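Line by line, the protein sequences are chains W and L.
With the first letter of the first sequence counted as 1, position 194 gets the number 194 in the UniProt record's numbering; the numbers rise by one all the way through.
With the first letter of the second sequence counted as 1, position 10 gets the number 10 in the UniProt record's numbering; the numbers rise by one all the way through.
Everything below concerns the one structure shown next.
Protein chains: 2
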Amino acid sequence: MATTTAEIKRTPATEQVLGAALNLFTEQGFFNTSIPDIVKASSVSTGSIYHYFRDKEGIARSLYETLVERMESSFSEIEATHATAHDRCRAAIALLFELTEQEPAVMRFMLFSRHKEFIPDQKPVCSSRPFVQMREMVVAGMESGEVREMTPIVAASAVFGGALRLIQLRLDGILDAPLPDYLDEIWQCAWRSVAV
Amino acid sequence: MATTTAEIKRTPATEQVLGAALNLFTEQGFFNTSIPDIVKASSVSTGSIYHYFRDKEGIARSLYETLVERMESSFSEIEATHATAHDRCRAAIALLFELTEQEPAVMRFMLFSRHKEFIPDQKPVCSSRPFVQMREMVVAGMESGEVREMTPIVAASAVFGGALRLIQLRLDGILDAPLPDYLDEIWQCAWRSVAV
DNA sequence: GTCTATATCCAGATAGAC
DNA sequence: GTCTATCTGGATATAGAC
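Following this line, the structure appears as structure tokens:
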């Protein structure tokens with residue numbers, strides 16, 4: 001069912017490795033993180049790491065696929081529990097804000113890593129399911145008459161661009177307050193920009 | 001006068017190196033680019049490269065400083081030639097769109113490289129002068145009454161977030177048409193989101 | 001200032017015992 | 001399946017002639 005290419009058996013050891021790698025990759029970058037670094041941080045030996053993952057790239061790939069799937073199902077959940085484009089888009093932003101506060105490393109890895117550089121055959125994040133889902137929410141709103149007629153991708157960028165920008169600023173330490181504090185304000189801007 | 005830390009003498013050879021490095025860094029990433037790669041692409045020898053730049057990081061640093069300065073003066077120019085926040089912000093977006101089409105590598109390097117990973121002591125781009133200038137344009141608009149009263153950084157994110165998102169999509173190959181084609185639409189969204 | 005040749009280091013990856 | 005010890009390549013950086 002899963003369309004992943006690098007399915008990895010999940011054991012306590014692999015979870016240790018993936019957790020350590022996520023932190024190191026997002027703190028220092030993929031290329032500044034060596035296998036010995038991961039060995040130390042995960043308390044799993046070189047041999048075991050290579051037993052579970054084909055190579056260093058395999059760790060990143062596994063991480064990426066796991067997190068994309070997770071986000072994908074979060075968005076599906078939102079689509080299932082909210083009826084209007086307005087409510088869905090707002091819920092999506094709220095979710096991203098929460099996730100950024102609770103698991104900044106996840107957000108950093110998903111949104112602000114240059115995956116292309118270390119997982120060469122991966123499509124850009126922007127074309128991954130979660131991002132497509134976000135655009136679909138906006139398009140649905142255009143069809144239902146909630147959102148002005150305009151180029152769909154422009155509308156989606158207008159709705160989510162400001163929030164994504166705030167997430168980046170927050171992760172870069174420019175924003176002091178937690179993101180949810182800004183939710184009402186940024187949502188008002190986002191919706192005004194595209195509402196009929 | 002310049003506040004740079006790694007001033008490099010500009011000669012034809014250094015320009016060759018910087019040009020080649022810009023292309024390689026943005027196509028493959030900093031860490032996937034070796035000095036031998038730069039030697040081949042620039043037709044400048046290893047010895048000369050190390051003569052002009054302290055090390056590989058020095059090339060990236062020099063590139064970064066040059067491009068930040070360039071963008072800084074472009075924005076100053078805009079501030080000088082446009083009076084209102086409305087006109088300034090729109091001109092800034094138009095400029096970024098043009099630049100993305102004409103020199104995608106420059107834009108990629110400025111906006112979507114993880115500088116922190118290869119220039120450790122650099123502040124995040126978001127705190128660099130050009131980004132500060134963009135925020136100042138919005139704040140000025142709030143003071144003049146063009147822009148609604150709200151948290152300044154939220155307003156700035158709302159104004160520029162959509163456009164920056166489109167730039168990213170364009171650089172990632174998701175958008176087929178050149179960015180200027182979308183300028184009117186995205187600007188209408190951006191301005192509606194914050195106008196009084 | 002520019003080049004070639006070369007030293008050094010350390011990363012990624014493997015072998016093979018347990 | 002898990003580990004330690006080890007190999008190997010290639011990258012950064014230097015030496016030193018021209």
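Even for Gly, the Cβ is constructed at its ideal location relative to N, Cα and C.
No experiment lies behind these values; they were computed from the predicted model shown.
- Between P36 (chain L) and chain W, is there a C-beta pair that is closer than 8 Å? Proximity of P36 (chain L) to chain W, defined by a Cβ-Cβ separation below 8 Å, is not satisfied.
- Rounded separation between V147 (chain W) and S62 (chain W) - CA only: Near 37 Å, if we compare the C-alpha coordinates of S62 (chain W) and V147 (chain W).
- Query: What are the residues that DSSP puts in a beta bridge with V147 (chain L)?
  - Reply: Answer is L:A195, bridged to V147 (chain L).
- Give me the Cα-Cα distance between S45 (chain W) and T14 (chain W), rounded to the nearest whole angstrom. Going by the C-alpha atoms only, they are around 11 Å apart.
- Query: In three-state DSSP terms, what is V44 (chain W)?
  - Reply: V44 (chain W) falls in the coil class under three-state DSSP.
- the segment 174 to 192 of chain L contacting the segment 128 to 140 of chain L, beta-carbon criterion three pairs below 8 Å: The segment 174 to 192 of chain L is not in contact with the segment 128 to 140 of chain L.
- Item | chain L contact for P124 (chain W) (CB, 8 Å cutoff) | Yes - at least one Cβ of chain L is within 8 Å of the one on P124 (chain W).
- Query: Considering only C-alpha positions, which residue in the set W:F31, W:D176 and W:A140 is nearest to V194 (chain W)?
  - Reply: Out of W:F31, W:D176 and W:A140, W:A140 has the C-alpha closest to the C-alpha of V194 (chain W).
- Round the Cβ separation of L171 (chain L) and G161 (chain W) to the nearest angstrom and send it over; I've been treating them as touching at under 8 Å. At roughly 15 Å, the Cβ-Cβ gap does not stay under 8 Å, so L171 (chain L) and G161 (chain W) are not in contact.
- Runs of alpha helix (DSSP H) wholly within the segment 43 to 92 of chain L (minimum 4 residues, chain order): Those alpha helix (DSSP H) runs which fall completely within the segment 43 to 92 of chain L and span 4+ residues are 46 to 52 and 56 to 81.
- What do you reckon, are the CB atoms on S157 (chain L) and L169 (chain W) nearer than 8 Å? Less than 8 Å divides the Cβ of S157 (chain L) from the Cβ of L169 (chain W).
- Under the three-state reduction of DSSP, which class applies to L22 (chain L): helix, strand or coil? Helix at L22 (chain L).
- Determine the extent of the alpha helix (DSSP H) in which P152 (chain W) is found, giving its start and end residues. Start and end: P152 to L171.
- Task: Take the Cβ of T3 (chain W) as the centre, count every other Cβ of all protein chains shown within 10 Å, and call the residue buried at 16 or more, exposed below.
- Result: Its pLDDT being 48, under 50, T3 (chain W) is placed unreliably by the model, and the measurement read from it follows with that caveat. T3 (chain W) comes out exposed.
- Message: Could you compute how far the alpha carbon of Q188 (chain L) sits from the alpha carbon of V17 (chain W)?
- Response: C-alpha separation (whole angstroms): 47 Å.
- Query: Would a check of beta-carbon distances place N32 (chain W) closer than 8 Å to chain L?
  - Reply: At least one chain L Cβ lies under 8 Å of N32 (chain W).
- Message: Can you tell me whether G29 (chain W) is helix, strand or coil according to DSSP?
- Response: DSSP places G29 (chain W) outside both helix and strand once states are collapsed to three, so it counts as coil.
- From L:F30, L:M71, L:I8 and L:D121, residue whose alpha carbon lies closest to that of I49 (chain L): Between I49 (chain L) and the set L:F30, L:M71, L:I8 and L:D121, the nearest pair of CA atoms involves L:I8.
- Query: Terminal residues of the continuous alpha helix (DSSP H) containing K123 (chain L)?
  - Reply: Looking at the DSSP string, K123 (chain L) is not in any alpha helix (DSSP H), and its letter there is neither H nor E.
- Query: Between T11 (chain L) and chain W, is there a C-beta pair that is closer than 8 Å?
  - Reply: T11 (chain L) has a beta carbon lying at 8 Å or more from every beta carbon in chain W.
- So, helix, strand or coil for T11 (chain W), using DSSP? Three-state result, T11 (chain W): coil.
- For I186 (chain W), three-class secondary structure by DSSP: Under the three-state reduction of DSSP, I186 (chain W) is assigned to helix.
- Task: With A105 (chain W) as the anchor, note down where its alpha helix (DSSP H) starts and where it stops.
- Result: P104 to F112 is the extent of the alpha helix (DSSP H) around A105 (chain W).
- Quick one: list the residues of chain W neighbouring S127 (chain L), beta-carbon separation under 9 Å, in chain order. Neighbours of S127 (chain L) on chain W, chain order: D172, G173 and I174.
- Beta-carbon contacts of D176 (chain L) that lie in its chain and below 6 Å, excluding the five residues immediately before and after: If we look at D176 (chain L) and ignore the five residues flanking it on each side, it has no Cβ neighbours.
- Message: Is it buried or exposed, R90 (chain L), if we count other Cβ atoms within 10 angstroms and call 16 or more buried?
- Response: Counting Cβ neighbours within 10 Å, R90 (chain L) comes out buried, since at least 16 surround it.
- Message: Can you tell me whether P178 (chain L) is helix, strand or coil according to DSSP?
- Response: When secondary structure is reduced to three states using DSSP, P178 (chain L) falls in the coil class, being assigned neither helix nor strand.
- Could you name the residues of the same chain whose beta carbon sits closer than 6 Å to that of residue 197 (chain L), not counting the 5 residues immediately before and after it, in chain order? Since the first residue shown for chain L is 1 and the last is 196, residue 197 (chain L) is missing from the structure and cannot be characterised.
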